[in-house]
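*Asks:* Protein chains in written order, with our numbering: chain A, 1 to 322; chain B, 323 to 701.
Got a structure here, written out as structure tokens. Questions coming.
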Amino acid sequence: MDLIIILQAGVASGTALLFATIGEIFAERSGVLNLGVEGMMLVGAMSAFSVAIATGNPWLGVLVAMIAAGLFSQIHAFISITLQADQVVSGLALTFLGVGISLVLGEGLSKAGAVSLLPNFSIPILSMIPIIGPIFFTNHSVLVYVGYLLIPFAWYYIYRTRPGMHLRAVGEYPAAADALGVNVYRLRYFYVFVGGVLAGLAGATISLAIAPGWFSELTTAGQGWIAIGLVIFAQWDPIRAAFGSYAFGALRRLVLDIQGPVTLLGFANPFYFNPYWGFFLQMLPYAFTIIVLIIGSREAMRKRIGAPAALGTPYVRGERGL
Amino acid sequence: MSEISSTSPGRKSVIPFRIRMEKRIKEPPPWFSSLISFIAIIFSLFLGGIVIAFVGGDPFRSYAHIARASFGNIGVISDTIVKATPIILTALACSVAFRMRLWNIGAEGQFIMGAFGATAVVLIPLLPAETSPWIFIPTMMVAGMITGGLWGFIPGYLKAKLQVNEIITTLMLNYIAIAWINFFIFAVWSEGGFPITMKFPTTAWMPRLLDYADQLPVLRGLTSHLGLLIGIGAAVVVWYIIYRSRWGYEIRLIGDNQRAAEYAGINIARNTILVMILSGALAGLGGVSEVGGVVHRLQTSPVAAGYGFTGIIVAWLAKLNPFAIVLVSILFGALILAGREIQPSGITRMIQGIILVSLIASDFLMRYQIRLYRTAEEA
């Protein structure tokens with residue numbers, strides 16, 4: 001078992017989590033909690049795969065996935081921003097709806113044959129760096145590299161640009177932002193859309209790059225929920241989100257790969273000789289999400305950092321709020 | 323100013339009307355809420371019909387089929403009730419937690435762990451196969467409530483003591499519960515290498531209507547079982563706790579206004595843990611009723627069939643009212659029973675999703691009224 005190979009696969013598998021997590025960071029930074037990530041990812045994964053099958057063009061699949069999930073997210077935006085419904089319930093409903101719709105429209109897709117996938121390539125020069133080169137820059141899908149670009153972009157956008165400042169203002173103190181002429185409703189709609197687009201991209205990453213195919217709900221297998229957990233761990237910061245996503249990607253790969261070899265670190269591999277222990281390995285990513293949440297909330301309590309102050313509360317102009 | 327307008331001021335509109343949403347000043351009459359829910363469901367079925375037509379099905383035939391296959395004769399009505407039984411218990415579980423605004427979406431995992439607890443009593447075995455059902459079934463129920471309650475306790479404790487978001491923890495515990503029972507089904511209790519456990523001895527079966535067919539031939543073939551009575555009993559208990567007990571008053575107060583409850587000296591952490599345990603135990607009881615009354619063995623797919631998630635929708639649709647939950651569960655039992663046969667197979671899941679979305683959206687009409695204004699009139 002080669003650690004480098006596991007880490008390399010982990011980076012690829014963490015890319016889907018990365019897109020979903022950063023997308024949710026944008027939505028939550030604007031004050032809208034969207035628990036529909038799992039549903040939006042499924043919609044994205046299903047539409048990416050079906051478009052790629054129908055047209056033979058995976059790029060078109062990615063594009064349609066992003067648009068579809070983005071539009072889909074607007075259901076949540078309408079219910080929680082305009083109709084001011086409870087964001088928790090509305091997000092849950094979005095996930096239910098996303099699972100249902102993608103099951104119906106994805107019927108029969110699992111039997112569809114091979115699909116042309118997005119290209120894999122290595123970055124010249126960078127891939128020559130020892131250890132880092134083979135893990136991060138060798139034979140990855142193009143989307144993995146898109147992910148690398150997204151991390152600094154999201155960080156810069158949120159902390160160093162004027163629109164980013166508006167984004168944070170709307171999430172922290174919407175009444176003040178409104179008084180300064182920022183359109184709170186429009187921005188919240190927009191960032192929920194951004195979250196949806198990135199969740200759709202995450203879904204497309206799974207169905208067209210990491211684990212190609214459509215396996216109904218098992219396509220995402222709860223990764224949307226892990227992403228929501230990672231947002232809390234990341235304290236709404238894209239760079240911490242990147243660490244979390246890649247670490248979880250590596251963990252997911254490790255769970256799959258550790259059962260293969262007969263010996264492990266020079267000892268007889270217990271997971272090889274007791275294949276049923278694999279069920280406990282399957283629990284690991286989910287158990288780790290809980291542990292990561294515990295760490296995240298302890299840290300937040302100690303450092304007094306928290307969620308965007310207006311997260312989860314609808315903004316009603318003129319009403320006494322935050 | 324307590325109104326919001328849909329168009330920004332100053333913009334000339336082509337349409338001579340403006341839609342305005344105004345906050346209701348007085349509470350709408352009690353029937354209004356049911357009417358809105360009813361309209362929301364009709365609207366959902368309409369939307370679902372459009373999607374069915376879109377994927378090449380016939381919506382009228384699909385719905386007629388659902389109605390016939392779930393309420394067509396006494397046999398299928400009994401089957402509908404069998405499907406409704408686990409939903410009653412998971413929806414009750416969700417309702418007590420939601421009442422306190424604790425978002426327990428782990429009823430699925432707690433249900434699975436309840437099924438595991440009941441199975442453990444039979445297969446470890448804690449009780450020999452010859453034990454009287456009068457002892458066997460209550461022991462299974464207690465065991466399932468303990469394991470389900472434990473599965474609720476974990477997120478409750480984390481929420482109360484460490485402020486860990488219960489939505490994510492309960493959801494993660496669902497996946498862990500599935501892996502947990504899979505381990506036992508595949509490795510420990512596997513029957514002949516198949517992913518099923520041995521069938522329970524009949525002493526561990528919940529009594530079914532067909533058991534009494536000797537005395538009353540009408541009951542022949544009816545599989546409704548004791549779980550329904552357990553569910554109705556649980557609904558009464560939940561109603562008593564929530565509406566008639568001091569504890570229930572505290573739960574409702576925390577749910578309505580946590581800060582006020584805190585100032586009134588109510589221990590929120592303690593209530594969080596207790597409510598999560600109660601919620602988990604109710605869902606666990608649902609798991610017991612499913613393995614004891616229907617499956618009669620532990621097997622992943624019929625036990626982890628999404629009853630916990632349906633429970634969330636049912637609890638919401640019933641506005642958290644325990645008796646409404648029983649009725650709504652029967653409707654959803656019908657949807658699930660009949661939905662198994664219509665293609666594509668995701669239709670029932672999708673309709674459930676549409677219903678939930680429409681319901682939440684329609685809730686707006688409880689708080690706001692929509693009025694049309696002539697633009698000219700305003701000027």
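Backbone N, C-alpha and C fix where the C-beta goes; we use that ideal spot for every residue, glycine too.
Does DSSP put Q282(A) in a helix, in a strand, or in coil?
*Replies:* helix
*Asks:* Anything in chain B within Cβ reach of V127(A), meaning under 9 angstroms, just list it in chain order.
*Replies:* Checking the sequence, you will find Ser at residue 127(A) rather than Val. The contacting residues do not exist; S127(A) stays about 35 angstroms from chain B at best.
*Asks:* Which of helix, strand or coil does DSSP assign to Q580(B)?
*Replies:* helix
*Asks:* Check A307(A) in the structure and name its three-state DSSP category.
*Replies:* coil
*Asks:* Residues of chain B with CB under 7 angstroms from S90(A), in chain order?
*Replies:* I682
*Asks:* Would the region 595 to 604 of chain B count as touching the region 426 to 439 of chain B if we require 3 or more Cβ pairs under 8 angstroms?
*Replies:* yes
*Asks:* Quick one, which residues of the region 289 to 310 of chain A are near chain B if we go by CB-CB under 9 angstroms, in chain order?
*Replies:* T289, I290, L293, I294, G296, S297, R298, A300 and M301
*Asks:* I'd like the list of long-range same chain contacts for I358(B), defined as Cβ closer than 6 angstroms, with 5 residues on each side in sequence excluded.
*Replies:* S684 and L687
*Asks:* F387(A) CB to nearest chain B CB: under 9 angstroms?
*Replies:* In the structure as shown, chain A begins at 1 and stops at 322. Residue 387(A) is therefore absent and cannot be evaluated.
*Asks:* Does any C-beta atom of chain B lie closer than 9 angstroms to the C-beta of L167(A)?
*Replies:* Residue contact with chain B for L167(A): absent (no Cβ-Cβ distance below 9 angstroms to any residue of chain B).
*Asks:* Counting only C-beta atoms, is W214(A) closer than 9 angstroms to chain B at any point?
*Replies:* Between W214(A) and chain B, the shortest Cβ-Cβ separation is not below 9 angstroms.
*Asks:* Beta-carbon within less than 7 angstroms of N120(A)'s beta-carbon, same chain only, minus the 5 sequence neighbours each way: which residues are those?
*Replies:* N139, H140 and S141
*Asks:* According to the neighbour-count rule (16 or more other Cβ atoms, all chains shown, within 10 Å of its Cβ), is P694(B) buried or exposed?
*Replies:* Looking at the sequence shown, residue 694(B) is not Pro but Leu. Exposed, since its Cβ has fewer than 16 Cβ neighbours within 10 Å.
*Asks:* Is the shortest distance between the beta-carbon of S207(A) and the beta-carbons of chain B less than 9 angstroms?
*Replies:* no
*Asks:* How is the alpha helix (DSSP H) around R696(B) delimited, first residue to last?
*Replies:* From DSSP, R696(B) is part of no alpha helix (DSSP H) but of the beta strand (DSSP E) over Y690 to R696.
*Asks:* Does the beta carbon of S116(A) come closer than 9 angstroms to any beta carbon on chain B?
*Replies:* Any Cβ of chain B closer than 9 angstroms to the Cβ of S116(A) would place that residue at the interface, and such an atom is absent.
*Asks:* Work out the CA separation of I498(B) and L322(A) for me, nearest whole Å.
*Replies:* Because L322(A) sits at a pLDDT of 48, beneath the cut-off of 50, its placement in the model cannot be relied upon, and the point is left open.
*Asks:* Closer than 7 angstroms, Cβ to Cβ, to anything on chain A: give me those residues from the region 556 to 590 of chain B, in chain order.
*Replies:* none
*Asks:* Could you tell me the distance, in whole angstroms, from the CA atom of V398(B) to the CA atom of A391(B)?
*Replies:* 6 angstroms
*Asks:* Where does S330(B) land, buried or exposed, given buried means 16+ other C-beta within 10 angstroms?
*Replies:* Only weak support is given to the placement of S330(B): the predicted model assigns it a pLDDT of 48, under 50, and the value that follows is read from those uncertain coordinates. Exposed, because fewer than 16 other Cβ atoms sit within 10 Å of the Cβ of S330(B).
*Asks:* When DSSP labels each residue in this structure, what does L322(A) get in the three-state scheme?
*Replies:* No answer about L322(A) holds up, because its pLDDT of 48 lies below 50 and its placement is not dependable.
*Asks:* Using a beta-carbon distance below 9 angstroms, is I22(A) in contact with chain B?
*Replies:* no
*Asks:* Sorted by chain position, which residues of the same chain lie with C-beta nearer than 8 angstroms to V625(B)'s C-beta, five sequence neighbours on each side aside?
*Replies:* F433, I434, A437, I503, G609, E612, V613 and V617
*Asks:* Measuring straight from C-alpha to C-alpha, what distance separates G332(B) and A16(A)?
*Replies:* The predicted position of G332(B) is uncertain, since its pLDDT is 49 and thus under 50; a value taken from the coordinates is nonetheless stated next. Pairing G332(B) with A16(A), the inter-Cα distance amounts to about 44 angstroms.
*Asks:* Does DSSP put M528(B) in a helix, in a strand, or in coil?
*Replies:* coil
*Asks:* If contacts are defined as beta-carbon pairs under 8 angstroms, then G555(B) and I564(B) qualify, I think. What distance do you get, rounded to the angstrom?
*Replies:* At roughly 15 angstroms, the Cβ-Cβ gap does not stay under 8 angstroms, so G555(B) and I564(B) are not in contact.
*Asks:* How should A169(A) be labelled, buried or exposed, when 16 other C-beta atoms within 10 angstroms of its C-beta is the threshold for buried?
*Replies:* buried
*Asks:* Determine which residues of the region 474 to 495 of chain B have a Cβ less than 7 angstroms from any Cβ of chain A, and write them out in chain order.
*Replies:* Those would be L480, L484, Q485, V486, N487, I489, I490, T491, L493 and M494, in chain order.
*Asks:* So with CB distances below 7 angstroms, who are the chain A contacts of G668(B)?
*Replies:* G100, L103, V104 and E107
*Asks:* Please decide whether F190(A) counts as near chain B, where near means a Cβ-Cβ distance under 9 angstroms.
*Replies:* Closer than 9 angstroms: no.
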